[in-house]
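A.B. asks: Pasting a structure below so you can have a look.
2 protein chains.
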Amino acid sequence: MYGIVFSEKVVLSYFPQHFILASLNSTGQGHQGRFAELVIVLIVLLLVATGVALLSRQFRLPYVTGLVLAGLAIAEFLPRRVGLDSSLILNLFLPILLFESAINTDISRLRSTIKPILLLAGPGVAIAAGVTSLLLKLGLGLGWIPALLIGTILAITDTVSVIAVFKEVSVPSRLSTIVEGESLFNDGVALVLFSLILKVHSTGSITFLEGLQDLFVVIVGGSLVGLALGYLSVGLFVRLDDPLSSILLTVAVALGTFQIGQVVGVSGVVAVVVAGLIVGNFGLSGSVSASSRITLFSFWEYAGFGVNTFIFLLIGIEIDLITLWQTLPGVLLAILAYQVGRFVSVYPLLAGVHLFDRPVPLRWQHVLFLGNIKGSLSMALAFSLPSTIPGRESLIALVFGSVLLSLVGQGLSLPWLVRRLQLVRFSEFRQQTEELQAQLMTAKAAQDELDSLLKAGVLPKSVYEEMRSSYQVKVAAAEKALRDLYNRRPEELAATNKDLIKFDAIRRRLLLAEKGALNEALRKRILSEEIVQSRIQTIDEQLLKLEDD
Amino acid sequence: MYGIVFSEKVVLSYFPQHFILASLNSTGQGHQGRFAELVIVLIVLLLVATGVALLSRQFRLPYVTGLVLAGLAIAEFLPRRVGLDSSLILNLFLPILLFESAINTDISRLRSTIKPILLLAGPGVAIAAGVTSLLLKLGLGLGWIPALLIGTILAITDTVSVIAVFKEVSVPSRLSTIVEGESLFNDGVALVLFSLILKVHSTGSITFLEGLQDLFVVIVGGSLVGLALGYLSVGLFVRLDDPLSSILLTVAVALGTFQIGQVVGVSGVVAVVVAGLIVGNFGLSGSVSASSRITLFSFWEYAGFGVNTFIFLLIGIEIDLITLWQTLPGVLLAILAYQVGRFVSVYPLLAGVHLFDRPVPLRWQHVLFLGNIKGSLSMALAFSLPSTIPGRESLIALVFGSVLLSLVGQGLSLPWLVRRLQLVRFSEFRQQTEELQAQLMTAKAAQDELDSLLKAGVLPKSVYEEMRSSYQVKVAAAEKALRDLYNRRPEELAATNKDLIKFDAIRRRLLLAEKGALNEALRKRILSEEIVQSRIQTIDEQLLKLEDD
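Chains as they are written, first to last, in UniProt numbering: chain A, 1 to 549; chain B, 1 to 549.
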């Protein structure tokens, strides 16, 4: 729940050792204990996030970008100990985010676009990291090891930011699958590369063949661990089939798979992703009750949302504007470097896709190019640079600056680009429908207002009737036009999936209303628990069916 | 999310100072950081809880009791630093649990049983605490202050355990309202008493009048803080109306209300409960969309479940069996003392209820007597005893032992007692009725939603009519079946009083709605005072008649 930790570096200066002992020894203080301050910071962060949610909708700003900016703004007023901790991100936040993305990824959709995904997440990351490193070495005069480490860190695409942007603007589903799939797997590849480079750093050198072998073992091993634990937990689910306890089990699986992967010496990231894919695609379908499934998907949605909120807020808080200003030239060069790296990996690789798969349109490639937003994982890796790396502090500042500018700059320009490229074209039919709906909606709102004015006695009846009937004409016309539209094009209704989505959305709202009524009746003890539960289960099943497409 | 903390006492022995510094200074270790161990402990606890969920269902053991026993069993194998922390419970867990109970409490139900609730939570707690203290003083030779503190700690009924038991066996709704309402408010009263006694301890003495004045200020002040923040957040909700961000807001409200209450010097517990009642009853109804409401209620359900799971598991881990064995005679006496205290507060107080309210049946009083299960709040308060209290350690052991035996003993015997007393009989007739009612209710809710969609212009009339008529078919069928059911069995309807209870609930709501409309009309000066008063009196009479069962 609470992601505020005592940032390691700063703790020492603020917590001289007698203070640590004092705070650990503060038994018997009741509600004045050492968690009180933490809770207050948590409350402030929650309120800030609520404010960001309100404002970002008003100003059409991406939520995560708004969080980072808000974090920057409030950093001054918080106790300086509040900050990010790489161990917390890696061990807790990262597995939660990866697992959440994975259980929501449909394997069949993934399979249909696996080739471009693997191309970008495999060779793509290697090329981007290589080119970026080279440019960093030449431009900033870094040594090979630091340059390679930063190059790899900046080759990671942040799943969260990209998905967040795509939730705001609509893109074709195949494109979003490619982007999400790529960012899901490229974390794993980049992490493996990162630890390989660190190994070279500590052991002196390894041969290219050894490196390739390591890469293979780590990735295949991670997949095996993920497969084994994923299937194991699927078996447990079926036996358990209790919505609330299943939550505990999935959290244990997400965190446990990552840890076991790390302990065994394979990629924990790959393991979590594979386990999540299995749980989401096989564990939560068929044999488990619909309520369990809905509970789990909702829980993970909330967990992912909460973790993201805290990560991005804390990224903003962590960034020091003065240091950022000082490293600005380096940061700008680093951004240029990773954009070039991304450029030479996306366009050439995807140009050849048509040889063995459906081609990726050029306009999509622009989105894939600009979609390489950096985020929390880059910051966590920068944090985890060992102190033996020369110039560690300035490397961290470099990465932080790049992440900040990437989140703000690309976070704002990507939605603009997507809209500009007109990737999704409304069918004429749908456009007409929506225009008529808008007409209906406004006329009805006006009539409502008239009704309440009449009721309040502000309007004389005669004026009311005259005005109301003028709106009624509009309502009737719009309704007739809509009816004609639907009658004329039943085949189109069936054909264009997009238009049906609207009705699914409506059906979903109806089912949610039914569910709400049942819960309300239970709360008020009008109906008894057993009956409500069985009905909710049926509704949940229908909801799930709707959400399938 | 994770409720494992470094238990204050033990940390010192296990974390010699150089180790603390080392662990705080462990930058650059990547995934070997200091959160890794915490996460592993978390995984183990989650898996244990999953196991408990599986087994407790099989052996028909209450889940919370199972958790405590499992905690006892695994304590040996965990790093000894894992444990409970009073500051964490008070600042984080307690507000979450109280808020969750409060938003799920229906104010109109509460109002209809407020008299026995206030009787038990007010004078009841005072009598129970007094008698228990006296017995502890005489039996164990404690001083007045320690005896009074422990007496108050053992006068608290644990909301969570009691509600958990009632979810497993069904009881009449009025009884469960009394039990839940009592445990919701008696936390507040006991906490206020507790701090009053501590004040006497530190300042020497205060007069009875001063004490009463303090009590009044603290409780009324807490209610005012809760009212203010509750209404403030209701306003925000309506503006926000985004399911996920609303979660953040409610968490901020729950934790913030408690903190503000504490800072202002009034009862944080009372403030949270009042704010929760307002958010649950006014914030989450009407003006907020159905999906926001469902999201919030589910989130709080998950949060409450998670917090409970950890609290009870950690209670088990915290209890040391050897110490428990040594203090067993004292513990047994303490249990006897608080049972006697409860006995002399429940039966005499409720015997007089019939003078000014509907009587509470004797069989219900047995449930209220045995329902005084002790839990986490008692343990937290014991932890928070200041070190100036003589014999602090043994007092803590005394409370821990009592809580453990209470959770196991009463947790197991209460469901048995409830079943034995046969408080609820579920006739086939009633089941059929409820199923049909659920069908009606959901269809009507869906129709309402459709109406509002049509009104908003989202739906064209033709689609609306088609969908609405499909629901109308269900409504008509359910109505016909219900009518048939009643016509077929008039004698059964008259005979089984029990089946009428549910209809009483509906009639009560209708009467309350009539009353509300009258009050509204009076407020708007549409009707005159005399007419409204006499009608309200008639309605009140009908209400009282209804509630006699």
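All C-beta atoms in this analysis are idealised placements derived from N, C-alpha and C, irrespective of residue type, glycine included.
Would you say residue 460 of chain B reaches chain A, if we count a Cβ-Cβ gap shorter than 7 angstroms as a contact?
C.D. replies: For residue 460 of chain B, the answer is yes, since a Cβ of chain A falls inside 7 angstroms of its Cβ.
A.B. asks: Within the 7 angstroms Cβ cut-off, does residue 43 of chain A reach chain B?
C.D. replies: Chain B, which has a Cβ nearer than 7 angstroms to the Cβ of residue 43 of chain A, makes this yes.
A.B. asks: If you follow the alpha helix (DSSP H) that residue 147 of chain B is in, where does it begin and where does it stop?
C.D. replies: It spans 144 to 153 - the alpha helix (DSSP H) in which residue 147 of chain B sits, taken as one unbroken run.
A.B. asks: Residues of the segment 301 to 321 of chain A in Cβ contact with chain B at a cutoff of 8 angstroms, in chain order, please.
C.D. replies: So the list reads 301, 302, 303, 305, 306 and 309, given in the order they occur along the chain.
A.B. asks: Are any of the Cβ atoms in chain B nearer than 7 angstroms to that of residue 533 of chain A?
C.D. replies: Not closer than 7 angstroms to any Cβ of chain B, the Cβ of residue 533 of chain A fails to qualify, so no.
A.B. asks: In chain order, what residues of the same chain lie with their CB nearer than 8 angstroms to the CB of residue 389 of chain A, ignoring the 5 residues before and after it?
C.D. replies: Result list for residue 389 of chain A: 145, 146, 149, 201 and 395, in chain order.
A.B. asks: Does the segment 452 to 468 of chain B touch the segment 531 to 540 of chain A, meaning 3 or more C-beta pairs lie closer than 8 angstroms?
C.D. replies: Because the criterion of three Cβ pairs below 8 angstroms is not met, the segment 531 to 540 of chain A and the segment 452 to 468 of chain B do not touch.
A.B. asks: Could you run through the segment 50 to 68 of chain A and flag, in chain order, every residue whose CB is less than 7 angstroms away from some CB of chain B?
C.D. replies: Under the 7 angstroms Cβ criterion, the segment 50 to 68 of chain A contributes 50, 53 and 54.
A.B. asks: What number of angstroms, rounded off, separates the C-alpha of residue 213 of chain B from the C-alpha of residue 248 of chain B?
C.D. replies: Roughly 36 angstroms separates the two Cα atoms.
A.B. asks: Here's a check: name, in chain order, each residue in its chain whose Cβ is nearer than 6 angstroms to the Cβ of residue 109 of chain B, leaving out the five neighbours to either side.
C.D. replies: 177.
A.B. asks: If contacts are defined as beta-carbon pairs under 8 angstroms, then residue 227 of chain B and residue 260 of chain B qualify, I think. What distance do you get, rounded to the angstrom?
C.D. replies: About 12 angstroms; that fails the 8 angstroms criterion.
A.B. asks: Can you check whether the CB of residue 403 of chain B is closer than 7 angstroms to the CB of residue 378 of chain B?
C.D. replies: The answer is yes: Cβ separation under 7 angstroms.
A.B. asks: Rounded to whole angstroms, what is the Cα-Cα separation between residue 118 of chain A and residue 182 of chain A?
C.D. replies: Between residue 118 of chain A and residue 182 of chain A, the C-alpha separation is close to 7 angstroms.
A.B. asks: Do three or more CB pairs link the segment 330 to 345 of chain A to the segment 130 to 139 of chain A at distances below 8 angstroms?
C.D. replies: Verdict: yes, contact present.
A.B. asks: Quick test of the definition: if touching needs 3 or more C-beta pairs under 8 angstroms, does the segment 185 to 202 of chain B touch the segment 236 to 256 of chain B?
C.D. replies: With the cut-off at 8 angstroms, the segment 185 to 202 of chain B and the segment 236 to 256 of chain B do not touch.
A.B. asks: Since residue 39 of chain B meets chain A, which of its residues come closer than 8 angstroms, beta carbon to beta carbon?
C.D. replies: Within chain A, the residues near residue 39 of chain B are 91, 92, 255 and 259.
A.B. asks: Ignoring anything shorter than 4 residues or poking outside the segment 214 to 280 of chain A, list the alpha helix (DSSP H) runs there in chain order.
C.D. replies: DSSP runs (the alpha helix (DSSP H)) wholly in the segment 214 to 280 of chain A: 243 to 264 and 268 to 278.
A.B. asks: Buried or exposed for residue 351 of chain B, going by 16 or more other Cβ atoms inside 10 Å?
C.D. replies: Exposed, by the Cβ-count rule.
A.B. asks: At least one CB of chain B closer than 7 angstroms to the CB of residue 513 of chain A: is that the case?
C.D. replies: For residue 513 of chain A, the answer is yes, since a Cβ of chain B falls inside 7 angstroms of its Cβ.
A.B. asks: Once DSSP output is grouped into helix, strand and coil, what is the label at residue 59 of chain A?
C.D. replies: Coil.
A.B. asks: Just the C-alpha distance for residue 327 of chain A and residue 407 of chain B, rounded to the nearest angstrom, thanks.
C.D. replies: Distance between the alpha carbons of residue 327 of chain A and residue 407 of chain B: 60 angstroms.
A.B. asks: Between the segment 85 to 99 of chain A and the segment 259 to 277 of chain A, do at least 3 Cβ pairs fall closer than 8 angstroms?
C.D. replies: Taking 8 angstroms as the limit for Cβ pairs, the verdict is that the segment 259 to 277 of chain A does touch the segment 85 to 99 of chain A.
A.B. asks: Kindly provide the ranges of any beta strand (DSSP E) runs that are 3 or more residues long and lie completely inside the segment 60 to 135 of chain A, ordered along the chain.
C.D. replies: Correct list: empty.
A.B. asks: Beta-carbon separation of residue 375 of chain A and residue 195 of chain A under 7 angstroms?
C.D. replies: No; because the gap between Cβ atoms is not below 7 angstroms, this pair is not in contact.
A.B. asks: So which residues of chain B does residue 483 of chain A contact, with C-beta pairs closer than 8 angstroms?
C.D. replies: Under the 8 angstroms cutoff, chain B gives 460, 461 and 462.
A.B. asks: Mind checking whether residue 107 of chain B and residue 279 of chain B have CB atoms under 7 angstroms apart?
C.D. replies: Contact flag unset, no.
A.B. asks: How is residue 41 of chain B classed by DSSP in three states: helix, strand or coil?
C.D. replies: Of the three classes helix, strand and coil, the one that applies to residue 41 of chain B here is helix, per DSSP.
A.B. asks: Mark residue 23 of chain A as exposed unless 16 or more other C-beta atoms lie within 10 angstroms of its C-beta, in which case mark it buried.
C.D. replies: Unreliable placement is indicated for residue 23 of chain A, whose pLDDT of 29 sits below 50; no coordinate value is reported for it.
A.B. asks: Measure the C-alpha to C-alpha separation of residue 266 of chain B and residue 222 of chain B and round it to an integer number of angstroms.
C.D. replies: If I take the Cα positions, the gap works out to 5 angstroms.
A.B. asks: Any beta-carbon of chain B closer than 7 angstroms to the one on residue 536 of chain A?
C.D. replies: Not one chain B Cβ lies under 7 angstroms of residue 536 of chain A.
A.B. asks: Spatial neighbours of residue 419 of chain A within its chain, please: C-beta separation below 8 angstroms, excluding the five flanking residues on both sides.
C.D. replies: Excluding positions up to five away in sequence, the list reads 169.
A.B. asks: Please return the same chain residues whose Cβ sits closer than 8 angstroms to the Cβ of residue 340 of chain A, not counting the five positions on each side in sequence.
C.D. replies: The answer, listed in chain order, is 131, 132 and 135.
A.B. asks: What does the alpha-carbon distance come out to for the pair residue 75 of chain B and residue 67 of chain B?
C.D. replies: The straight-line gap from Cα to Cα measures roughly 12 angstroms.
A.B. asks: Would you say residue 299 of chain B reaches chain A, if we count a Cβ-Cβ gap shorter than 7 angstroms as a contact?
C.D. replies: It does; some Cβ of chain A falls within 7 angstroms.
A.B. asks: Assign residue 85 of chain B to one of two classes, buried (16 or more other C-beta atoms within 10 Å of its C-beta) or exposed (fewer than that).
C.D. replies: Residue 85 of chain B is buried by the Cβ-count criterion.
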